[in-house]
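Participant: Protein chains in written order, with our numbering: chain A, 40 to 171; chain B, 40 to 171.
2 protein chains.
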Amino acid sequence: MGKLIATWSVAALLAGGVLISGLSAHADEDSKVLRHIVLYKFKDDLAPADVQEVVDTFAALPSKIDTIVDFEHGTNVSPEGKSEGLTHAFVVTFRDEASRDVYLKHPAHLEYVEVVRDRREKVVVFDYWVDE
Amino acid sequence: MGKLIATWSVAALLAGGVLISGLSAHADEDSKVLRHIVLYKFKDDLAPADVQEVVDTFAALPSKIDTIVDFEHGTNVSPEGKSEGLTHAFVVTFRDEASRDVYLKHPAHLEYVEVVRDRREKVVVFDYWVDE
């Protein structure tokens, strides 16, 4: 029984340790971060498959560029009609401007730019600092 | 010694339980949410105090409209020169479109719109769904 308690104790401590470690990582994420918003309007005659290739190529960047700490993307569903024709959003989060600059110059990002360059009619890029 | 281990075991299990409970709450937050991006270019001759009043009035909305679950804002620091003159970003997060619609029609939001209406030269509004 003593051994059982000891075993459970070790298991519980290990579990607690893993969870505390997870929370510490989360606490770090609560510091200031840099958001990088990219909005696109694609060319009217662009095939859906060519749009999808842009989305998929952008969405693959977080697995290739380790200075990206968060990433989300989606298509416009605003009912307000103020999107200026922009249909696709990508929001990339970095720890700081140096991390953003690593991304901008990264070969994987430069390859992505080659994919999107002739397919977009309009792009808006907006970066801002935020307390997470 | 057995008692000490048992005490530590209970303490560790309790700590683990609290942490697991915290993680469960976090898991709830991981469900789908609706992001509402608003970007502004203000009129060139607008006084800094009048810009600040817009920022402060927008930033007060989360305390007045309870369907807002997250809010952040900031000014553009992108070095890419692709912001189309847009200088201020506000990102409001809702649980769903109904919550966004409550916000759009809320008296506090309508009052805010009166503050910003004649001060902006350009606005972009873009809403998208995201898995948190």
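Glycine included, each C-beta is placed from N, C-alpha and C at the ideal position.
If you're wondering where the values come from, they're calculated on a predicted model, not measured in any experiment.
(1) Using only the alpha-carbon positions, how far apart do S70 (chain A) and D84 (chain A) sit?
(2) Indicate whether K103 (chain A) and A147 (chain A) have their beta-carbon atoms separated by less than 9 Å.
(3) If you count every other CB in all the chains shown that lies within 10 Å of the CB of V152 (chain A), and 16 or more means buried, which is it?
(4) The beta strand (DSSP E) spanning E160 (chain A) covers which residue range?
(5) Given a cut-off of 9 Å, decide if Y142 (chain A) and T106 (chain A) are closer than it, judged by their beta-carbon atoms.
(6) Tell me which residues share the same chain as I76 (chain A) and place their Cβ nearer than 6 Å to its Cβ, disregarding the 5 neighbours each side in the sequence.
(7) Taking Cβ positions only, does D166 (chain B) come closer than 9 Å to chain A?
(8) Leaving out five residues before and five after W47 (chain B) in sequence, what residues of the same chain have Cβ atoms less than 8 Å from its Cβ?
(9) What does the Cβ neighbour count give for A128 (chain B), buried or exposed, with the cut at 16 atoms within 10 Å?
(10) Return the chain-ordered ranges of every beta strand (DSSP E) run that is complete within the stretch 70 to 153 of chain A and spans a minimum of 3 residues.
(11) Counting C-beta neighbours from all protein chains within 10 Å, is the total for R156 (chain B) 16 or more, i.e. buried, or is it exposed?
(12) Quick one: Cα of F133 (chain A) to Cα of Y167 (chain A), how far?
(13) Does the beta carbon of T114 (chain A) sit closer than 9 Å to a beta carbon anywhere in chain B?
(14) So that I know if they touch, is there some Cβ in chain A lying closer than 9 Å to that of V141 (chain B)?
(15) Nearest by alpha-carbon distance to K144 (chain A): which of B:E119, B:P101, B:D95 is it?
(16) Determine the chain A residues that contact K121 (chain B) at a beta-carbon separation under 9 Å, and present them in chain order.
(17) Are the CB atoms of R158 (chain A) and F110 (chain A) nearer to each other than 9 Å?
(18) Classify L125 (chain B) as buried or exposed, calling it buried when 16 or more other Cβ atoms lie within 10 Å of its own Cβ.
(19) How would you call L73 (chain B), buried or exposed, if buried means at least 16 neighbouring beta carbons within 10 angstroms?
(20) For a quick check, are the C-beta atoms of V154 (chain B) and E123 (chain B) less than 9 Å apart?
(21) Which one of B:D140, B:D135, B:L149, B:V116 has the shortest CA to CA distance from F97 (chain B)?
(22) Which residues in chain E sit within 7 Å of V169 (chain A), going by Cβ to Cβ distance?
(23) Would you mind stating whether G113 (chain A) and V90 (chain B) have Cβ atoms separated by less than 9 Å?
(24) Please decide whether R7 (chain A) counts as near chain B, where near means a Cβ-Cβ distance under 9 Å.
(25) Taking the straight line between their C-alpha atoms, what separation do you get for A99 (chain B) and V116 (chain B)?
(26) Within its chain, find whatever has a CB closer than 6 Å to the CB of P101 (chain A); leave out the 5 residues flanking it on each side and keep chain order.
Facilitator: Reading it off the structure:
(1) Translated into positions along the first sequence, residue 70 (chain A) becomes position 31. Translated into positions along the first sequence, residue 84 (chain A) becomes position 45. Roughly 43 Å separates the two Cα atoms.
(2) Residue 103 (chain A) sits at position 64 when you count from the first residue of the first sequence. Residue 147 (chain A) sits at position 108 when you count from the first residue of the first sequence. Closer than 9 Å, so yes.
(3) Walking along the first sequence from the start, residue 152 (chain A) turns up at place 113. Exposed, since its Cβ has fewer than 16 Cβ neighbours within 10 Å.
(4) Mapped onto the first sequence, residue 160 (chain A) falls at position 121. It spans 159 to 170 - the beta strand (DSSP E) in which E160 (chain A) sits, taken as one unbroken run.
(5) Start at 1 with the first residue of the first sequence, and residue 106 (chain A) comes out as number 67. Start at 1 with the first residue of the first sequence, and residue 142 (chain A) comes out as number 103. For T106 (chain A) and Y142 (chain A), yes; Cβs fall inside 9 Å.
(6) Reading the first sequence from its first residue, position 37 is the one you call residue 76 (chain A). Counting only Cβ-Cβ distances below 6 Å, and skipping sequence neighbours, we find V130, F165.
(7) As a position in the second sequence, residue 166 (chain B) is number 127, starting the count at 1. Taking Cβ atoms only, chain A reaches closer than 9 Å to D166 (chain B), which makes this a yes.
(8) In the second sequence, counting from the first residue as 1, residue 47 (chain B) sits at position 8. Interpretation of W47 (chain B) is limited by its pLDDT of 48, a score under 50 that renders its predicted location unreliable; no figure is taken from the coordinates.
(9) Locating residue 128 (chain B) in the second sequence gives position 89, counting from the first residue. With 16 or more Cβ atoms within 10 Å of its Cβ, A128 (chain B) is classed as buried.
(10) 71 to 81, 109 to 114, 127 to 133
(11) The count along the second sequence starts at 1 and reaches residue 156 (chain B) at position 117. Classification of R156 (chain B): exposed, given that the 10 Å Cβ count is below 16.
(12) Along the first sequence, one-based indexing puts residue 133 (chain A) at 94. Along the first sequence, one-based indexing puts residue 167 (chain A) at 128. Roughly 10 Å between the two C-alpha positions.
(13) Translated into the one-based positions of the first sequence, residue 114 (chain A) becomes position 75. With 9 Å as the cut-off, T114 (chain A) counts as an interface residue toward chain B.
(14) Position 102 of the second sequence, counting from 1, holds the residue named residue 141 (chain B). No, because no Cβ of chain A sits closer than 9 Å to the Cβ of V141 (chain B).
(15) In the first sequence, the residue the question calls residue 144 (chain A) occupies position 105. When only C-alpha atoms are compared, the closest one is B:E119.
(16) Along the second sequence, one-based indexing puts residue 121 (chain B) at 82. By Cβ distance, chain A contributes V77, V162, V163, V164, F165.
(17) On the first sequence, residue 158 (chain A) is found 119 positions in, with the first residue counted as 1. On the first sequence, residue 110 (chain A) is found 71 positions in, with the first residue counted as 1. No, they are not a contact pair.
(18) As a first step, residue 125 (chain B) is located in the second sequence; it is residue number 86 there, counting from the start. Buried.
(19) Residue numbering aside, residue 73 (chain B) sits at position 34 when the second sequence is read from its first letter. By the 10 Å Cβ count, L73 (chain B) comes out buried.
(20) One-based indexing of the second sequence puts residue 154 (chain B) at position 115. One-based indexing of the second sequence puts residue 123 (chain B) at position 84. In this structure, E123 (chain B) does not lie closer than 9 Å to V154 (chain B) by Cβ.
(21) In the second sequence, the residue the question calls residue 97 (chain B) occupies position 58. With distances taken between Cα atoms, F97 (chain B) lies closest to B:L149.
(22) The chain inventory of the structure shown lacks chain E, comprising the protein chains A and B.
(23) Start at 1 with the first residue of the first sequence, and residue 113 (chain A) comes out as number 74. Start at 1 with the first residue of the second sequence, and residue 90 (chain B) comes out as number 51. No.
(24) Residue 7 (chain A) lies beyond the range of chain A shown here (40 to 171); nothing can be said about it.
(25) Here residue 99 (chain B) refers to the residue found at position 60 of the second sequence. Here residue 116 (chain B) refers to the residue found at position 77 of the second sequence. One C-alpha to the other measures close to 23 Å.
(26) Taking the first residue of the first sequence as position 1, residue 101 (chain A) is located at position 62. Excluding residues within five positions, the ones whose Cβ falls inside 6 Å are I107, F110.
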